[in-house]
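I have placed the structure first, in the form of structure tokens, so that the comments after it can refer back to it.
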Amino acid sequence: MNSAERIAAAVALQETDRVPVSPFLIYHFAAITGTPMKDFVWDTDACHRSALQAFEFYDGLFDTINLAPMRFGFTCTAPILFSSLYYDWRFPEDGAPQMFESVQDGPDVYDLVSNNGFSIIRTYKRIPRWEVIKTMTIHLHKHLRWMKRWRRKMDVVPWQEAISYLPAELLLFRRGVEGFIDLIDRPEKIADINERHNKTIIRSTLRLARLLDARNICLPSLKFSSSMVSPKIFEKLAWPWLKEQVLAYSAAGYLVILHLDGDWGPLLEYFTELPKASAVVELDITDMARAKRVLGGKLCIKGNVDPALLAFGSPGEVEFECKRLIETCAPGGGFILSSGCEAPPNSRPENIRAMLNSVLE
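Here you go:
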């Protein structure tokens, strides 16, 4: 099997020739290749060159790879968590970008956005308009050219090519710690923002996916994990619209990647309502044995080697953890070995290699 066949089989819950392996790497590409972080973030050519060099450094063993240049997120005019037009992203000269989460808005932001749309809170104070224009012209052309090369010459599946969010989750991040109070004191505002703008987000995401010639759409969530909310709150304020997005993207022909940060153990049963093989469920700290019991035979699961282990552990420890996950999750198919969320930039190369090689033995 090549990588495309292997991933397709895993998504379809079928046995594969070996377990697909895909550490979630972005800024590690810059670190391992010595690419200045500023260039990696803002120069599309430098970003793709760095990814290609890292892919070759690791002997092309990735089955999937994240290739969307980060500048596309930071200059995005659509409301996504990575956009500097909506969130307070900081760009240190030599370090990875960081989002400064604070209380950006008062509770009136729900009515403001509900009645006027997300563009009402868009600002160009952090990123000038000309950078946005450059992204959608020069850098889009460069990215599409690179993607043709990747698809034609490399045995790897591009991953998380487009991205979407629940409308309420976007505002909860702008509300900072006070957003938790809103979930209790203003649940009707949370539900209303989802109801009014979910279809708009879906249409916007589908346009973005077509523009990027994407094959898959990533749908992340943290604020509605069981690390943050109860199943009752999740069912009332998130699930109907999360499900609507998955069904819409799947019906449009895209593979949906549910990137679930935090612990989702108590909420896994909800995802059994989704059509069989319609999504890949990427798990961060959720117990994978529990995920396999609940979702096995229904949805492909992906995860979840501790990122800290990749940075500070030994190759032997990484190999042991990978073998444990393979023994737990691989039987019957429907499993992709990965890190729990993004592996740190300072992940040890020998640990990444240990992870990649663990599926070959």
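Each step along the sequence shown adds one to the number in the UniProt record's numbering, with nothing skipped, and position 233 is 233.
Glycine included, every Cβ here is placed at the ideal spot set by N, Cα and C.
None of the values given here were measured: they were computed from a predicted structure.
inquiry  = Taking its Cβ as the centre, do 16 or more other Cβ atoms sit within 10 Å of PHE82, making it buried, or is it exposed?
reply    = For this step, residue 82 is matched to residue 82 along the sequence shown. Buried, by the Cβ-count rule.
Member of ILE217, GLU269, GLY73, ALA308 whose CA lies at the smallest distance from the CA of GLY296 = Here residue 296 corresponds to residue number 296 of the sequence shown, with the count starting at 1. Comparing Cα positions, the closest option is GLU269.
inquiry  = Using 8 Å for Cβ pairs, my map puts ILE257 next to LEU283. What's the rounded Cβ distance?
reply    = The sequence position of residue 257 within the sequence shown is 257, counting from 1. The sequence position of residue 283 within the sequence shown is 283, counting from 1. Not confirmed; about 12 Å, so no contact.
inquiry  = What residue range does the beta strand (DSSP E) around LYS302 cover?
reply    = By one-based count along the sequence shown, residue 302 stands at place 302. Taken as a continuous stretch (DSSP letters only), the beta strand (DSSP E) holding LYS302 covers 300-305.
key: Segment limits, alpha helix (DSSP H) that includes GLU319   = Against the sequence shown, residue 319 aligns to sequence position 319. Segment 315-329, the alpha helix (DSSP H) holding GLU319.
ask   = According to DSSP, is ILE336 helix, strand or coil?
value = On the sequence shown, position 336 is the one that residue 336 refers to. Reduced to three states, the DSSP call for ILE336 is strand.
ask   = Skipping 5 residues on each side, what residues in its chain have a beta carbon closer than 7 Å to that of GLU244?
value = Position 244 of the sequence shown, counted from the first residue, corresponds to residue 244. Closer than 7 Å at Cβ, skipping near neighbours: ASN198.
task = Please confirm whether LEU85 and ILE127 have their CB atoms less than 8 Å apart.
result = Along the sequence shown, one-based indexing puts residue 85 at 85. Along the sequence shown, one-based indexing puts residue 127 at 127. Yes. Within cutoff.
message = So, does the stretch 321-330 touch the stretch 39-54, judging by three or more C-beta pairs under 8 Å?
response = no
Reduced DSSP secondary structure (H/G/I, E/B, other) of GLN98 = Translated into the one-based positions of the sequence shown, residue 98 becomes position 98. Three-state result, GLN98: strand.
key: Exposure of ILE138, with buried meaning 16 or more beta-carbon neighbours within 10 Å   = Reading the sequence shown from its first residue, position 138 is the one you call residue 138. By the neighbour-count rule (16 or more Cβ atoms within 10 Å), ILE138 is not buried but exposed.
ILE352 to TYR110 span [Cα, whole Å] = Residue mapping note: residue 352 aligns to position 352 of the sequence shown, counting from 1. Residue mapping note: residue 110 aligns to position 110 of the sequence shown, counting from 1. Going by the C-alpha atoms only, they are around 43 Å apart.
ask   = For the alpha helix (DSSP H) that VAL294 lies in, which residues bound it at each end?
value = Mapped onto the sequence shown, residue 294 falls at position 294. Unbroken alpha helix (DSSP H) run through VAL294: 288-295.
ask   = Hey, is the stretch 175-186 in contact with the stretch 137-156, meaning 3+ C-beta pairs nearer than 8 Å?
value = no
ask   = Mind checking whether ARG167 and ILE193 have CB atoms under 8 Å apart?
value = Counted from its first residue, the sequence shown places residue 167 at position 167. Counted from its first residue, the sequence shown places residue 193 at position 193. A small fix is needed here, since residue 167 is Pro in this sequence, not Arg. Contact: yes.
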